[in-house]
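Everything below concerns the one structure shown next.
Number of protein chains: 2
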Amino acid sequence: MVEVLKGNAVAAHIKDNMRKDIEELKKSNKTPTLAILRLGNNPGDVSYERSIIKNCEAIGIKSEVYEKDENIGTDEVVNALKELNDDNSISGILVFRPLPKHIDEEKIRSTISPEKDVDCMHPLNLENIFEGNMGGFAPCTPKAAMKILEYYNVPLEGKNVVVINRSMVVGKPLVMMLLEKNATVTICHSRTKNLYEITSKADVVITALGKAKYFDEKYFNENSVVIDVGVSLDSEGKLSGDADYDKVSHIVKMITPVPGGVGSVTTSILLSQVVEACKKL
Amino acid sequence: MVEVLKGNAVAAHIKDNMRKDIEELKKSNKTPTLAILRLGNNPGDVSYERSIIKNCEAIGIKSEVYEKDENIGTDEVVNALKELNDDNSISGILVFRPLPKHIDEEKIRSTISPEKDVDCMHPLNLENIFEGNMGGFAPCTPKAAMKILEYYNVPLEGKNVVVINRSMVVGKPLVMMLLEKNATVTICHSRTKNLYEITSKADVVITALGKAKYFDEKYFNENSVVIDVGVSLDSEGKLSGDADYDKVSHIVKMITPVPGGVGSVTTSILLSQVVEACKKL
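Line by line, the protein sequences are chains A and B.
Under the UniProt record's numbering, the first residue of the first sequence is numbered 1, with each subsequent residue one higher.
Under the UniProt record's numbering, the first residue of the second sequence is numbered 1, with each subsequent residue one higher.
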């Protein structure tokens with residue numbers, strides 16, 4: 001019988017811990033506060049923003065949105081960020097990405113204060129992840145995947161884990177986190193040959209391919225643990241993970257649903273990093 | 001018939017390219033200059049230093065040794081580094097590591113000018129490697145391994161490559177370099193189980209385990225390419241790689257000897273980075 005690794009339970013657990021921290025902070029008159037810097041009105045950004053604000057309110061984190069015209073220049077974004085860096089009432093800063101193409105993203109990334117960088121975009125915070133120092137801020141999606149594995153007691157030490165993604169927001173940080181847990185990690189991507197030969201022998205497969213229902217039964221075995229980070233629309237316009245859930249879920253050991261899996265944990269990770277930032281302020 | 005991947009030919013090729021660059025630089029009165037900062041008299045450091053100086057002289061790079069007492073404090077090392085950062089006659093700086101235990105290595109790493117950091121210890125240069133930006137300075141040993149693969153035309157795209165090492169000076173940067181070549185990469189280490197099952201199916205195995213003659217025939221197949229970064233003493237006190245060369249070399253396709261393999265390329269990489277630093281000065 002498959003075990004469905006629901007994200008809600010993990011998010012609730014993270015939020016429980018956060019609540020205690022927020023209460024403690026309020027005793028010393030500190031309110032964790034998230035500043036959101038958004039350029040333009042991309043519907044995806046606006047919808048994600050709304051969800052973040054709702055989650056912040058529910059738990060007692062203050063959120064402030066700084067909306068800017070999408071046509072402003074890099075210097076103006078840099079100045080806005082510097083103001084937020086210097087503002088002692090702000091604990092953490094989230095900059096929506098991707099930024100408009102005319103913006104020098106490298107400059108933005110190195111401007112944000114590493115101490116307020118709750119989405120882990122600053123090079124020094126990313127380098128910490130590369131080094132295996134997991135005590136600071138981490139990219140939210142890979143950290144959410146790791147929290148799910150931890151919550152459901154999936155052993156990683158000495159296990160063969162396959163990561164299908166090599167980006168800086170998911171795959172590469174995830175590999176570093178898995179190495180810290182002493183997993184043997186294989187990184188696959190679009191140029192990998194005979195992917196099913198690799199995934200079908202793995203203990204854990206974490207995929208962030210973004211191709212709806214790409215993986216069928218042949219990619220897994222009865223002991224597979226599948227963490228599905230992919231979210232895209234299938235041929236019927238329905239949200240789907242990379243795994244073909246109906247085909248796969250009755251043969252594997254554990255699987256995250258989409259929606260309701262990794263995606264429902266990422267916002268909690270973001271908020272928990274705002275609380276951590278506030279603690280250190 | 002095994003192809004022995006000798007490092008000398010690769011080093012000679014790198015030096016040929018360097019010579020042209022050095023001639024060009026001298027036309028505009030620039031001399032690539034390496035500053036070596038050494039604390040104490042560790043015999044390994046001194047011997048490596050001698051070899052670097054000899055190689056520098058042979059090719060027309062100036063080298064300057066800054067020897068300090070091993071008991072000086074972090075602040076004194078920081079000050080020495082700052083002087084070298086500010087000295088326009090110095091193109092690149094090499095700090096011998098590991099540093100004495102009382103020295104705050106993090107502070108040293110972030111003090112060296114990223115533009116003179118020819119051994120790639122500064123967090124920002126390492127983060128570039130993590131991002132897959134290979135145009136800057138890179139750690140010398142993994143870059144040497146990559147140069148050997150390139151020189152001997154070993155295909156990497158879509159190939160299964162196993163890296164046995166997860167350190168910041170070898171394994172992790174190597175993984176990033178291999179991903180840039182579109183290899184599918186598996187990272188193994190001391191906690192990996194059934195290592196031979198993984199290595200025996202791989203196209204390329206790069207090992208930096210540091211255990212003399214650890215790998216016998218069962219770890220490889222007739223198409224294996226073995227890049228042996230390990231250097232340690234065997235039971236008879238002879239320098240040996242991680243692979244048991246006598247047992248392995250007649251069954252694999254290609255193998256680097258030890259000594260005479262990766263180790264004989266690393267100094268050339270270091271020097272080529274001094275020349276690159278000088279070009280950009």
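All C-beta atoms, glycine included, are put in the ideal place defined by N, C-alpha and C.
Min CB distance residue i to chain A below 8 Å
| i | result |
| --- | --- |
| Leu149 of chain B | no |
| Pro139 of chain B | no |
| Val185 of chain B | yes |
| residue 282 of chain B | Because chain B here runs from 1 to 281, residue 282 of chain B falls outside it and cannot be looked at. |
| Cys120 of chain B | no |
| Leu209 of chain B | no |
| Cys56 of chain B | no |
| Leu270 of chain B | no |
| Cys188 of chain B | yes |
| Leu5 of chain B | no |
| Leu233 of chain B | no |
Among the options, the one whose alpha carbon lies nearest that of residue i
| i | options | result |
| --- | --- | --- |
| Val46 of chain B | B:Phe96, B:Gly260 and B:Met176 | B:Phe96 |
| Ser268 of chain B | B:Lys107, B:Asn194, B:Ala145 and B:Glu70 | B:Ala145 |
| Arg191 of chain B | B:Ile251, B:Asn165 and B:Met121 | B:Asn165 |
| Asp87 of chain B | B:Val77, B:Gly40 and B:Thr33 | B:Thr33 |
| Gln273 of chain B | B:Ala12, B:Tyr196, B:Pro139 and B:Asp216 | B:Pro139 |
| Lys193 of chain B | A:Met177, A:Val161, A:Lys218 and A:Asn223 | A:Val161 |
| Gly263 of chain A | A:Lys107, A:Leu39 and A:Ala208 | A:Ala208 |
| Leu281 of chain B | B:His13, B:Ser28, B:Leu37 and B:Arg19 | B:Ser28 |
| His189 of chain B | A:Tyr196, A:Leu195 and A:Lys181 | A:Lys181 |
| Ala35 of chain B | B:Val265, B:Ile53 and B:Met18 | B:Ile53 |
| Lys6 of chain B | B:Asp234, B:Lys253 and B:Val265 | B:Val265 |
| Asp16 of chain A | A:Ala58, A:Val225 and A:Leu149 | A:Ala58 |
| Ala9 of chain A | A:Glu150, A:Leu99 and A:Asn79 | A:Glu150 |
| residue 331 of chain A | A:Cys56, A:Glu236 and A:Lys68 | Outside the shown range of chain A, which is 1 to 281, sits residue 331 of chain A, and nothing can be said about it. |
| Glu3 of chain B | B:Lys279, B:Asn128, B:Glu49 and B:Val248 | B:Val248 |
| Val78 of chain A | A:Leu99, A:Ser89, A:Lys62 and A:Glu64 | A:Leu99 |
Neighbour flag for residue i against chain B, beta carbons, 8 Å
| i | result |
| --- | --- |
| Phe130 of chain A | yes |
| Met168 of chain A | yes |
| residue 282 of chain A | Look at the range of chain A in this structure, 1 to 281, and you will see that residue 282 of chain A is not part of it. |
| Arg191 of chain A | yes |
| Asn182 of chain A | yes |
| Leu124 of chain A | yes |
| Lys172 of chain A | yes |
| Leu239 of chain A | no |
| Leu39 of chain A | no |
| Leu281 of chain A | no |
Bridge partner(s) assigned by DSSP for residue i
| i | result |
| --- | --- |
| residue 283 of chain A | Given that chain A is displayed from residue 1 to residue 281, the structure contains no residue 283 of chain A and the question cannot be resolved. |
| Asn160 of chain A | A:Thr184 |
| Phe215 of chain B | B:Ala243 |
| Glu67 of chain B | B:Arg38 |
| residue 298 of chain B | In this structure chain B extends from 1 to 281, so residue 298 of chain B is not present and cannot be described. |
| Ile227 of chain B | B:Ile206 |
| Gly171 of chain A | According to DSSP, which records beta bridges pairwise, Gly171 of chain A is partnered with nothing at all. |
| Ile52 of chain B | DSSP lists no partner for Ile52 of chain B. |
| Gly7 of chain A | Answer by DSSP bridge pairing: none, since Gly7 of chain A is not bridged. |
| Met254 of chain A | A:Glu3 and A:Val225 |
| Val95 of chain B | B:Leu37 |
| Ser232 of chain B | B:Ser240 |
Close beta carbons around residue i, own chain, < 8 Å, minus the five adjacent residues each side
| i | result |
| --- | --- |
| Pro123 of chain A | Arg109 and Ser110 |
| Leu179 of chain A | Gly132 and Val185 |
| Lys211 of chain A | Gly230, Ser232 and Asp242 |
| Lys201 of chain B | Asn160 and Asn221 |
Residues of its chain near residue i, where Cβ-Cβ distance is below 7 Å and the 5 sequence neighbours each way are ignored
| i | result |
| --- | --- |
| Lys172 of chain B | Arg166 |
| Val175 of chain A | Val163, Val185 and Ile187 |
| Ala277 of chain B | Ser91, Gly92, Glu115, Lys116 and Val118 |
| Gly60 of chain A | Ile22 |
| Lys238 of chain B | none |
| Ile251 of chain B | Glu217, Phe220 and Glu222 |
| Arg19 of chain A | Ile59 |
Own chain residues within Cβ distance below 6 Å of residue i, not counting five before or after
| i | result |
| --- | --- |
| Asp119 of chain B | Leu94 |
| Ser51 of chain B | none |
| Asn85 of chain A | Ser113 |
| residue 326 of chain A | The structure shown does not extend to residue 326 of chain A, since chain A spans only 1 to 281, so no value can be given for it. |
| Ala11 of chain A | Ser264, Val265 and Ser268 |
heavy atom of the ligand COA below 7 Å from residue i C-beta
| i | result |
| --- | --- |
| Val258 of chain A | Annotation note on the ligand COA: not contained in the displayed structure, which lists no ligands. |
Minimum Cβ-Cβ distance from residue i to chain D less than 8 Å
| i | result |
| --- | --- |
| Thr141 of chain A | The structure shown contains no chain D; the protein chains it does contain are A and B. |
In the stretch 81 to 101 of chain A, which residues sit with their C-beta less than 9 Å from some C-beta in chain B, listed in chain order? none
Quick one, which residues of the stretch 20 to 36 of chain B are near chain A if we go by CB-CB under 9 Å, in chain order? none
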